[in-house]
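Take 9 as the starting number for the sequence shown in my numbering and just add one per residue. Worksheet for the structure shown next.
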Amino acid sequence: MLAIAERQKRTIDEMCGIAGIVKIDEGVSPDVLAHMIRSLQHRGPDGESIWISDCKKVGFGHSRLSIIDLSDSGKQPMASLTGRYQITFNGEIYNYPKLRNRLQSDGVQFRGNSDTEVVLAALDRWGVAAALPHLSGMFAMAVYDRYTRETTLVRDRMGIKPLYYCATKKELLFASEIKPLVLAKGAVPRLSPAGLSEYLQFGYVRGSQSILDGVFRLEPGHVVRFSADELSPPTPYWALADVITAPSSKTWETEGEAVDVLDDILRHSVERHMISDVPFGAFLSGGVDSSTVVSLMQSVSTAPVKTFSIGFEIEGYNEAQHAAAVARHLKTDHHELYVTEDDAMAVIPDLADMYDEPFADASQIPTFMVSRLARETVKVALSGDGGDELFAGYNRYVFVANFWKRLKALPVPLRRVVASCLRLLPPSGWDRVFEALSLVLPGRFVPALPGQKVYKTAAILPTNDLGSLYERLVSQWSDPNTILHPEWQDQERLASRFMTSLPGLKPVESQMYWDSQGYLVDDILTKVDRASMRVGLEARVPLLDPKVVSFAWSLPIDMKIKGNVNKWALRQVLHKYVPAELINRPKMGFSVPINHWLSGPMKAWASSLIDKELLEEQGILDAGQVTTIFQRHVSGSVDASGQLWTILMLNQWLMKVRSWV
């Protein structure tokens, strides 16, 4: 761990909101820029500032959340020592002390101690393109080069921090969230059919597209450049595919040796992520990933680590007791909150503003609530996100691999007949069948929510390749065009481009790769970023440190899945700190009982948004189909909670976005 003296010298604005305007002809309006930054105040409640270039055509803004020493030497936007580069930066560079020492040995002088200044010094020394490979951390930034008059937008390797932009030949706008771009334009752009299709299919918009036409998300590990001549296409400076396909020189005499190396790499990552001059803690669900992070934190901490968890009274959705057991064993300072239907309802009105574009992962509710709980005590919280994608943690990975192996041996016509037979009973009917079977079969042969699983199986039976099978498995609406009016249908179906595998990957590894590019970035990390930033809490993700990512992908698949045990290598690290009996149980995930809530306490609210007249007035969705599905869900004949949540979050956002301008 860094020495205390070194920590005290450090000056850094870590989690913030950034925004900017670049004009080709006219000047930047300070009022518009200030308005953009003010809308990001929740991301940086400790202060805000703007900078406009001498030529008046470039303006950067910064909304500041101070985690470590709030001093003028770290104030942003910031200029490099030579004056060539101007930056607005959101994030943290974890290897900044090492990089600073290297630059100092080359004769570089520093005015302060912030990592932002180190980034600028690296730009001065090597230029933008050559400096980026040296940066290890989570960040989104904009850099203006006074010599070339070029603005460069950059996003971190794994996409932990967000960055949106839109451009014409005359103007570039960028921001940490979509709302500042809408405010700068003075009008809400038209919905994007591609983004709308992506959203309805997955519950979130994937890749570079956003929900708005002409507004784009910079993808992980990419840069985009804007100058008087043109906006360059997004270009990767780093790619996960290169890490995965790179020849590995790592060899171990035993699996135990590999586990020890993983333990060491994880420990160093956790230590770097614990650097803070304000109180910090960790989210703890009691699962493998969060328990590993908390175990490593506690092993290097001289005081009890503050941990936070959320629970539900409804059976099958509550992990709080498991988190509490892990906390007791590790002797953490544990805080927990049990969420009721009323608690959830109180959060729902804020979701459209919080997530800035339609977002339909219902675990957004407890994620916000655990962030709010943590913020009462700490300003920084570590999470275990990324462990499932790196160490093969999702149950669907093995299921899909085995299912595809058997499925591709059967003729497609036969599969279609079987799918039709599975739909003869509604999901609730299959639930009753499996309930009866549970009386005579061991519990391990009776899955949770069996009716949903049977219908999901019926949906994937006719598929022709692994990518299509996986796409349907993780979809809410397998074909969004079936509920969209023709005007809004996306004929290109962008989703398929995410399901292109890399040569040599096994089926499980292909799914891990797809999730790392899509689900992890655009669902999990987006969910945590928006929820934590809403309350001024910085969420850090030590499992996504580049060294951890590289090492995880160097491990053979049989060290991730061994027999029926997933995340085997990560579990072996965890078992050094926590007894296996506290951890080894079926995976639950951070889910919420939304199916019960929509038929009960949320029914009136849902009815107001799934109203036939409202849907017909909007002219986006097939009102008849949507209202019929809602009625069937309320009656208990189907569980369509996932599909309905996409509609509810879309309609709530459509109503809210009108108030932005």
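Every residue gets a Cβ at the ideal spot worked out from N, C-alpha and C, and that includes glycine.
| Check | Outcome |
| --- | --- |
| Pull up the distance between the alpha-carbon of Gly-512 and that of Leu-274, whole angstroms please. | 27 Å |
| Can you list, in chain order, the residues of its chain whose CB lies under 7 Å from that of Thr-471, leaving out five sequence neighbours each side? | Leu-477 and Arg-480 |
| Do Lys-169 and Asn-103 have their C-beta atoms closer together than 8 Å? | no |
| Within the continuous beta strand (DSSP E) that includes Met-567, where are the two ends? | Where Met-567 is concerned, there is no enclosing beta strand (DSSP E), given that its DSSP letter is neither H nor E. |
| From the DSSP output, which residues share a beta bridge with Pro-244? | His-230 |
| Rounded to a whole number of angstroms, what is the C-alpha to C-alpha distance between Glu-56 and Ser-486? | 43 Å |
| Just tell me which of Gln-372, Leu-180, Pro-494 and Ile-283 has its CA closest to the CA of Gly-35. | Leu-180 |
| Gly-211 and Asp-369 - do their beta-carbons sit closer together than 8 Å? | yes |
| Nearest to Asp-271 by alpha carbon, out of Ser-379, Tyr-245, Lys-339 and Thr-300? | Thr-300 |
| Do you know how far the Cα of Leu-469 is from the Cα of Thr-654? | 24 Å |
| Please determine, among Tyr-245, Lys-314 and Cys-174, the residue with the shortest C-alpha to C-alpha distance to Ala-137. | Tyr-245 |
| Out of Met-541, Pro-458, Met-520 and Ser-615, state which residue places its alpha-carbon closest to the alpha-carbon of Gly-646. | The sequence given here has Val at residue 646, not Gly. Checked all of Met-541, Pro-458, Met-520 and Ser-615; the closest Cα to Val-646 is Pro-458. |
| Give the list of continuous alpha helix (DSSP H) stretches no shorter than 4 residues that lie fully inside the region 467 to 536. | 474 to 481 and 515 to 525 |
| Please return the same chain residues whose Cβ sits closer than 7 Å to the Cβ of Val-267, not counting the five positions on each side in sequence. | Ala-577, Gln-580 and Val-581 |
| Cα-Cα, which of Asn-659, Gln-633, Val-426 and Val-406 is closest to Ala-648? | Gln-633 |
| Could you pull the start and end residues of the beta strand (DSSP E) that Phe-316 belongs to? | 314 to 320 |
| Quick check on the burial criterion: 16 or more other C-beta atoms within 10 angstroms. Buried or exposed for Arg-593? | exposed |
| Can the beta-carbon of Ile-219 be found less than 8 Å from the beta-carbon of Leu-189? | no |
| Pick out whichever of Trp-412, Ala-444, Leu-204 and Tyr-172 has its Cα sitting closest to the Cα of Asp-498. | Leu-204 |
| Can you name the start and end residues of the beta strand (DSSP E) that Ser-695 belongs to? | Any property of residue 695 remains undetermined from this structure, which presents the chain solely from 9 to 669. |
| Measuring straight from C-alpha to C-alpha, what distance separates Val-669 and Glu-279? | 44 Å |
| Which word fits Asn-403, buried or exposed, when buried means at least 16 other C-beta atoms lie within 10 angstroms of its C-beta? | exposed |
| Where Met-86 and Ile-26 are concerned, what is the direct C-alpha to C-alpha distance, given to the nearest angstrom? | 12 Å |
| Does Ser-71 come out as helix, strand or coil in the three-state DSSP assignment? | strand |
| For Thr-159, write down the residues that DSSP places opposite it in a beta bridge. | Tyr-152 and Phe-234 |
| Could you pull the DSSP bridge partners for His-343 from this structure? | Phe-316 |
| Would you say the region 235 to 244 touches the region 393 to 402, given that touching needs at least three Cβ pairs under 8 Å? | no |
| Can you grab the Cα-Cα spacing for the pair Glu-263 / Trp-412, in whole Å? | 29 Å |
| Quick one: any contact between the region 54 to 68 and the region 223 to 234, if contact means 3 or more CB pairs under 8 Å? | no |
| Can you tell me where the beta strand (DSSP E) with Phe-182 in it begins and where it stops? | 179 to 183 |
| Going by DSSP, which residues form a beta bridge with Leu-199? | Leu-220 |
| For a quick check, are the C-beta atoms of Arg-163 and His-70 less than 8 Å apart? | no |
| Considering only the alpha carbon of each residue, which of Met-353, Leu-359, Ala-331 and Asp-114 lies closest to Gln-665? | The residue you asked about is not Gln; residue 665 is Val in the sequence shown. Residue Leu-359 is the option with its Cα nearest to Val-665. |
| Could you tell me if Pro-488 is buried or exposed, where buried requires 16 or more neighbouring beta carbons within 10 angstroms of its beta carbon? | buried |
| Leu-248: which of Asp-297, Ser-562 and Met-567 sits nearest, CA to CA? | Ser-562 |
| Counting only runs of 3+ residues fully inside the region 381 to 463, write out the beta strand (DSSP E) ranges in chain order. | 388 to 390 |
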